[in-house]
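Residue numbers (my numbering): 79 to 637.
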């Protein structure tokens, strides 16, 4: 053990060499446009990054740092890669769950864990990140010698920028980190995109023309391809309505007359109606993975799938037509073919959507305008939406009911106006996402909604936002219970022991962490409280609004 600690302590002493591995990596990060990294000590690259002009943002727990990196990659469409670095052993172990969520959601983040000294690799009980992370990373490697640094990092960024996105890991053994890199020469990696086979495009257009009630399902590939403008043009050219997946939410503006909103675990009434009637699902930038957090493909519908990854084809559903290529480029091909065939847009779609929207809103308006005390969470959403500029706001949910309640009713109008996440659904993920999103887009208002349980999992990282002057607003929907658990999961435990109950004075905790904190119990105080939170945010102070709400198990669910 003394040998291990001596290696760590001697790293800084060796940094007088011309260029060591840590320094080379940091210069590569700079070349790739990265100006901050999330981190938790001890990891030698943290101080080297600071010397090279990259700000290390130290978090209170490793998972939060992964979440922050995740958000940076998401809201920049992968153009800037989020990075998290951590100590080998316990640091890498603690980060695991956050990486699992990023992997489930196909988010390109770069992980730079320290590694055991080379002569201790594979020795029980040492944790070797390369081995253990292979199941939740797209690609993983380690720098076995200083001369391999550039090659490994180039491969890492190539995997981050091309194909299906996903986490990439480069393990840096602590003894190798201080070794000299000779002949350092690095050129940033370019994204390589491709069109689809023209025959596949022709077949797809023919199927669209022949269909009666097609629906476009837009996934997050729309955003990574920066194809929202092309998607709008395609929808308007054909008159086909657009529904988004949870991860794809905000890829198509929900104030557009052809928007059906989002279809996830919960959905809008318009989405449910049109999906029930469709004879052709046109998936663009989506894997069509069967999940309780997504809508099923109706039995009667044919399937067109456009994806950048061939493994998505026929994965969970037998498809009728497919194309492999970049979403933006393939949509352009489809538009070109549609114009060549002089195909006219379907008429009356927008009017049908509006009629379905009115019927759905008639059902939900009593909750959205409810005067109940404790406050309905739906009324909270309505009041916040009225107070902020939605076009300049990024919102994200947390796991469970805050997600299921919010997703159908918050209508983003710009890309990443909503960060939809959750195929792993870890409680507390939204706070780190909010912090990372604000660092990526400081001009935006950034809000995360969470419940009692999520705050308990992640709330201390509000101090990370305070310390770094990151002005986000956290809204805790405080109902004192884990919603739905007494009725659905543990009725005996809840009734006998109160096992579903959670309590705390979250506003006071937030104040103790340096944030602006308020507890709100009256509907008429929500808007004013939000205004005060926004004022604090403008001064670089995070805010937490603890809004006392009722337990609300009713959600807009259709499948």
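Ideal Cβ positions, reconstructed from N, Cα and C, are used throughout, including at glycine. Just so you know, these numbers come straight off a predicted model, no measurement behind them.
Go through its chain and collect everything with a Cβ distance to residue i's Cβ below 6 Å, but skip five positions before and after it.
| i | result |
| --- | --- |
| residue 408 | 274, 384 and 401 |
| residue 27 | Since the first residue of the chain shown is 79 and the last is 637, residue 27 is not available in this structure. |
| residue 178 | 214 and 502 |
| residue 365 | 390 |
| residue 262 | 97 and 102 |
| residue 100 | 122, 123, 126 and 255 |
| residue 141 | 175 and 176 |
Kindly identify the DSSP beta-bridge partner or partners of residue i.
| i | result |
| --- | --- |
| residue 400 | 383 |
| residue 569 | In the DSSP output, where bridge partners are listed per residue, residue 569 has none listed. |
| residue 162 | 116 and 189 |
| residue 316 | According to DSSP, which records beta bridges pairwise, residue 316 is partnered with nothing at all. |
| residue 556 | 626 |
| residue 612 | None; residue 612 has no bridge partner. |
| residue 300 | Paired residues: none, contrary to the question. |
| residue 335 | Paired residues: none, contrary to the question. |
| residue 219 | 248 |
| residue 340 | 322 |
| residue 579 | 559 |
| residue 574 | Bridge partners of residue 574: none, in fact. |
| residue 551 | 525 and 621 |
According to DSSP, simplified to helix, strand and coil, what is residue i?
| i | result |
| --- | --- |
| residue 202 | coil |
| residue 264 | coil |
| residue 292 | strand |
| residue 418 | helix |
| residue 438 | helix |
| residue 597 | strand |
| residue 589 | helix |
| residue 475 | coil |
| residue 151 | helix |
| residue 283 | helix |
| residue 527 | strand |
| residue 378 | coil |
| residue 619 | coil |
| residue 130 | coil |
| residue 359 | strand |
| residue 455 | helix |
| residue 145 | helix |
| residue 228 | helix |
| residue 98 | strand |
| residue 370 | coil |
| residue 93 | Bear in mind that the predicted position of residue 93 carries a pLDDT of just 42, short of 50, making it unreliable; the figure below should be weighed with that in mind. Residue 93 falls in the coil class under three-state DSSP. |
| residue 443 | helix |
| residue 345 | strand |
| residue 139 | coil |
| residue 497 | strand |
| residue 258 | strand |
| residue 364 | coil |
| residue 544 | helix |
Taking all protein chains shown into account, decide if residue i is buried (16 or more other Cβ within 10 angstroms of its Cβ) or exposed.
| i | result |
| --- | --- |
| residue 121 | buried |
| residue 494 | buried |
| residue 191 | buried |
| residue 475 | buried |
| residue 567 | exposed |
| residue 602 | exposed |
| residue 155 | buried |
| residue 245 | buried |
| residue 455 | buried |
| residue 216 | buried |
| residue 453 | buried |
| residue 211 | buried |
| residue 576 | exposed |
If I measure Cβ to Cβ from residue i and keep anything under 7 Å in the same chain, skipping five residues before and after, which residues do I get?
| i | result |
| --- | --- |
| residue 132 | 104, 107, 108, 112, 113, 114 and 115 |
| residue 325 | 183, 297, 298, 498 and 499 |
| residue 79 | Because the pLDDT at residue 79 is just 37, under 50, the model does not fix this residue reliably, and the point stays unresolved. |
| residue 355 | 291 |
| residue 482 | 343, 344 and 633 |
| residue 434 | 347, 348 and 351 |
| residue 507 | 145, 179, 476, 477 and 499 |
For the putative contact between residue i and residue j, defined by C-beta atoms under 8 Å, what is the C-beta separation to the nearest angstrom?
| i | j | result |
| --- | --- | --- |
| residue 509 | residue 536 | 5 Å |
| residue 511 | residue 148 | 6 Å |
| residue 315 | residue 416 | 6 Å |
| residue 342 | residue 372 | 6 Å |
| residue 471 | residue 519 | Not really, about 10 Å apart at Cβ, beyond 8 Å. |
| residue 306 | residue 330 | 7 Å |
Apart from the five residues on each side of it in sequence, which residues of its chain come closer than 8 Å, Cβ to Cβ, to residue i?
| i | result |
| --- | --- |
| residue 387 | 241, 242, 365 and 402 |
| residue 619 | 544, 547, 549, 592, 593 and 594 |
| residue 219 | 208, 230, 233, 234, 247, 248 and 249 |
Any chance the CB of residue i is under 6 Å from a heavy atom of the ligand HEM?
| i | result |
| --- | --- |
| residue 378 | This structure lacks the ligand HEM; in fact it carries no ligand of any kind. |
For a cutoff of 7 Å on Cβ pairs, would you count residue i as touching chain D?
| i | result |
| --- | --- |
| residue 389 | Absent from the structure: chain D. Only one protein chain is present. |
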